[in-house]
Structures are given as structure tokens and as C-alpha cells.
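Residue numbers (the working numbering), protein chains in the order written: chain P, 10 to 120; chain F, 10 to 120.
Think of the CB as a built atom: it goes at the ideal place given N, C-alpha and C, for glycine as much as any other residue.
What follows is a short report on a single structure.
Number of protein chains: 2
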Amino acid sequence: MKVGYKVWLDHHGKAFGDGPYELLRRVEKFMSLLRAANQMGISYSKAWRLIQTLEERLGFALLVRKVGGSSGGGSRVTSRGKDLMTRYERFRRDVEKGLLKIYDKHFGPRK
Amino acid sequence: MKVGYKVWLDHHGKAFGDGPYELLRRVEKFMSLLRAANQMGISYSKAWRLIQTLEERLGFALLVRKVGGSSGGGSRVTSRGKDLMTRYERFRRDVEKGLLKIYDKHFGPRK
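Written out as C-alpha cells, the structure reads:
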């Protein structure tokens, strides 16, 4: 047996979690929301709506968009977005460690 | 902002969580799976299937059933079921405390 869980940041609904984190990481890598969405197997419009919803709930912009140009435009994660990603990474690691420890305390094989 | 989460015990799928815990608590109270299910707003057949699935995944019985008799039968939680409930209660409290603490560390207003 093991512990199963989902964790997210909530502000008037789901405001950030593993999925958004992975999407932003890919935007950083490809500098493109389209390529990030493609790589995660979701449509551009779904990714776009997700970002809109998260930005509304968080109260700040996650992406800056550059439309057109020779490269066909692109997206970058804002500095507040990057700060959120960094905090979320650390939060997520602590959650994983913490939950395993709590699980072991109550259900682990050692007791 | 706050932390949102779901947590459960996993063994070949969801094997125990808040819903099953609440259902068993009501079985203890009413000594009846039917009344427990009614009070949670789920059908008897759904509650019954849930218990079957959990017992299969956990590998032990949660309920002992008494069919018929003057009282029309009834259900009781087994001692292994009660032990699981007790551990789960403590586990659940530690999870709540732990996650709030981890959230505060990374996103709390104090930093």
C-alpha cells in the first residue's frame, strides 16, 4: 500500500498545480505556448484557456506574448511566473517528502 | 491563496479515503449500511459496490453483514476495519497539519 494524493494552489478554484507547472516549464524551453501545448498533447486553445483561467485566479500574468514577427511570435514566462514556478517546485518536493513520512508513520512496515 | 489537496490510500487503485471513512463511521453509528448510504446521499447498491471494491483492494473485510432477523439485518465494521479507521484518522490529521505547514513555508504571508 502507498499514499496517493493530488495537491494544488487554490484561489477561487484551482490556481496552480502540476499540469500548469509542466506547461510553463515547456514554454520556457520552447519559448512558445503552441509547442509547449503540442508536447503535452493538449490543444493550443485548451492551453490558452488554462493560462487565462490561472492568470485570473492568481491575479497576475504568467506569460508575455509576442505576436507575429519573423519567428511567428512566441511566449515567455513572466518574472512573477518564474518566481511562482520556483516556489512551487520547492513546495512540491516538501509535500512529497512530508506525505511519505506521514504515511510511513501510520501505515509503514516498520510499525 | 491556500493549499488544495486530496489524499487517499492506494493499493491497486484507491483503497481508502475520506468518503469510505465517512461511510464506515455511519455504519458504526447506525449499524446499517443502508442507513449509512442514505445519510450520505448515495444508493445502497453504490455503497455496497464501493465496500466490495475496497475490501478487494485492501485484502480484508471491512464489514460483517447480518442478513434478515427481526431487525431486518445490519452491518458492523470489522475489527480490522476499525483499526484502519483509527489509523486513517490520525494519518488524516497529520496530513492536514503537515500540508498547511509546508504551504506556509513556501507561500505563507509571513515570508
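Residue state for F/Ala45 is assigned as helix, using DSSP reduced to three classes. Here DSSP, grouped into helix, strand and coil, assigns F/Leu71 to coil.
Interface residue (Cβ-Cβ distance to chain P less than 9 Å): F/Gly28 is not classified as such. From the listed residues P/Lys23, P/Leu72, P/Ile111, the smallest Cα separation to P/Ser88 is found for P/Leu72.
Sequence-distant Cβ neighbours of P/Leu33 in its own chain, meaning closer than 7 Å and more than five residues away, are Leu71, Val86, Gly90, Met94.
Here F/Val36 carries a helix assignment [DSSP, helix/strand/coil]. For F/Gly50, there is no enclosing beta strand (DSSP E), as DSSP marks it with neither H nor E.
For F/Val16, the uninterrupted beta strand (DSSP E) run begins and ends at 11 to 19, by DSSP. The DSSP-derived three-state label of P/Val86 is strand.
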